[in-house]
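Each residue of the sequence shown is one higher than the last, beginning at 522 in our numbering.
All C-beta atoms, glycine included, are put in the ideal place defined by N, C-alpha and C.
All values reported here derive from a predicted model rather than from experimental measurement.
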Amino acid sequence: MGPDSDPVRQTSSSLPHNESLEPNGNLTVRSNEYPISPKNKHISRIASDDARDSKRNSAISTASTTASSVRRKTYIGHWQLGKTIGKGGCSRVRVVRHRHRDQYGAVKIITRSVAESTRAQSLANLIESTKLSPGLSAVGYKPIPYGLEREIAVMKLLEHPNIVQLYDVWENRNELYLIMEYVKGGELFHYVDERKGLPEDETVYIFRQIVSALLYCHRLLICHRDLKPENILLDREKLTVKLIDFGMAALQPQGRLLSTPCGSPHYAAPEVVSSRPYDGPQADVWSCGVILYVMLTGTTPFNYDHNNDIRALFRDITAARYIMPKDLSYEAQDLLGRIFIPNPAQRLTMDEVWDHPLLHKFDAEFGLDGPDGTKEAAVGKPPSIDEWRVKRIQDIDREILSNMRTLWHSETEQSLIQKLLDKNELNQEKLFYAALLKHKEETLESYDGGADDISYSAIFYHERRTSAPEL
């Protein structure tokens, strides 16, 4: 079913804020049965430095991460903890500053006790429960971290100007710390909600960046699966966006489909809410369409009914039943209509979204009508391997192999090893291994006294670090 006609733009009082519904009933954050320990070298032990009497930026606070009444400066390795800038579920986000490079970041602090004792409410369970409970409301579900190790492995692989970078990962007995690139300006959600929708040229400028980041991910066979304005950071001065939160991201090998529903109800594709096997990139296309609609109109195309019944929301999604505001341009209406198609095989692909006239309507105005505006420039060079050094099983780095197991979770370790030792085939496994090895070598060099101007290195490997007192 197609869109309904409406002569005016919808004027919802507020854009609904979506909490992500997790894909598994049980957390994959390690439980007491599988404690995170120094043996898990891809997550390093937290170290605290002695507090020093020095001036600091106003964004950096004296708050300790413990409940101690003694207020003191605290560090996560070389990162000085600052003020809290966000909270949610079992995590909070604080500003951090590197003590040597005067570089800022944002640390996502995940409380281990909460994460380990709370069960995720999965979108799969929510969909199933709608069949049993007619009056089910979406109120009360809280987001829980899912696939933390896989999220870290994915973020190690991704290097794109519109994807937030992960600098470092630390742990102590009580908390996990993910130190990431700091983007001032906050969520795209708040920017759109405050303005009740954006002008078309501004929308296109932002949307192009989102699509280019996803084209990059899909080329690596990685789909995000939880796209929404809440998971996109926006620098309000430069209008530069950064995709965040890859906790539900999945590797989809060629020729296979995904099966686990996950994400956020308002942005989920028909095949996802219908619990059918689905193509991850095509589900991402649908979510992008919802984001585009939200930016243009200030409201979501698919919503709960007056009883807050999520079944009504799912029915509208599966039927692609929504209102198309007539004041949208022809190009915008055409693109939305080609995205909001229930059958994913008939829906535009992400490449076709990029090629649509709407995304190039303002190329001249943006200065993107030359080489800088091409898909190749936006997405980047295809992955390649300069030199393949794995000749025998002894050459395989066990830490990197462990990272890869979190991505190819349905593959046996022996199967991955065989792919890495294949003398003839340049496969996805080799490309990922080479990328992870490159990160490891660069970050060890950076940590052991490499150039201080390396500001975008993901530091996960600290085998040579000695233990330090806990904060």
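Taking C-beta atoms under 8 Å as the contact rule, leucine 941 and isoleucine 917 qualify, at a distance of about 6 Å.
About 6 Å separates the beta carbon of threonine 632 from that of glutamate 696, a gap short enough to meet the 8 Å contact definition.
DSSP assignment within the region 820-886 yields the following whole beta strand (DSSP E) runs of 3 residues or more, N-terminal first: 844-846.
With a threshold of 16 other beta carbon atoms within 10 Å, alanine 840 falls short and is exposed. Looking at the backbone, the Cα of arginine 910 and that of histidine 681 are separated by about 25 Å. When DSSP reads this structure, cysteine 744 sits in a beta bridge with Ala771. Rounded to the nearest angstrom, the Cβ distance from leucine 937 to phenylalanine 728 is 37 Å, too far for a contact under 8 Å.
For the alpha helix (DSSP H) assignment, the uninterrupted runs of no fewer than 4 residues enclosed by the region 888-947 are, from N- to C-terminal side, 896-900, 919-928 and 934-942. Ranked by Cα distance from methionine 925, the first of Leu947, Ala898, Glu908 and Ala955 is Ala955.
Contact between the region 777-784 and the region 757-765 is absent, with fewer than three C-beta pairs closer than 8 Å. Residue pairing from DSSP places histidine 619 in a beta bridge opposite Trp600. In this structure, the alpha-carbon of isoleucine 684 lies about 19 Å from that of histidine 711. Residue burial annotation: tyrosine 814 is buried, with at least 16 other C-beta atoms found within 10 angstroms of its C-beta. Ranked by Cα distance from tryptophan 691, the first of Lys677, Ile630, His739 and Gln915 is Ile630. Comparing C-alpha distances from arginine 671 to each of Lys749, Val614 and Phe767 shows the shortest one belongs to Phe767. As computed with DSSP, threonine 632 is found in a beta bridge with Glu696. The DSSP-derived three-state label of serine 780 is coil. For a cut-off of 8 Å, the C-beta gap from threonine 821 to leucine 602 is around 36 Å, too long to register as a contact. Within the DSSP bridge table, the entry for valine 614 names Gly607 and Lys629 as partners. For threonine 818, the number of other beta carbons within 10 angstroms of its own is at least 16, and it is reported as buried. The alpha-carbon of histidine 827 is positioned some 42 Å away from that of aspartate 884. With 16 or more other CB atoms across the displayed protein chains lying within 10 angstroms of its CB, leucine 736 is buried.
Across the set Pro846, Ala853 and Asn752, the C-alpha of Asn752 shows the shortest separation from the C-alpha of methionine 769. Scanning Gly598, Trp600, Ile597 and Gly609 for the CA closest to the CA of asparagine 539 turns up Gly609.
With a cutoff of 8 Å on beta-carbon distance, tyrosine 726 and tyrosine 625 are scored as not near each other. By the Cβ rule, the region 802-816 counts as touching the region 848-868, because three or more pairs are nearer than 8 Å.
The alpha carbon of glutamate 715 has as its nearest neighbour, out of Met816, Lys896, Ala771 and Ala674, the alpha carbon of Met816. Assignment of beta-bridge partners to glutamate 963 by DSSP yields no partner.
Distance from the CA of leucine 778 to the CA of aspartate 872, rounded to the nearest whole angstrom, comes to 19 Å.
CA-to-CA, the gap between leucine 719 and leucine 922 works out to about 45 Å. Each residue's CA atom was taken as its position, placing isoleucine 838 and valine 874 some 20 Å apart. The bridge partners DSSP lists for threonine 761 are Asp756.
Residue state for aspartate 766 is assigned as coil, using DSSP reduced to three classes.
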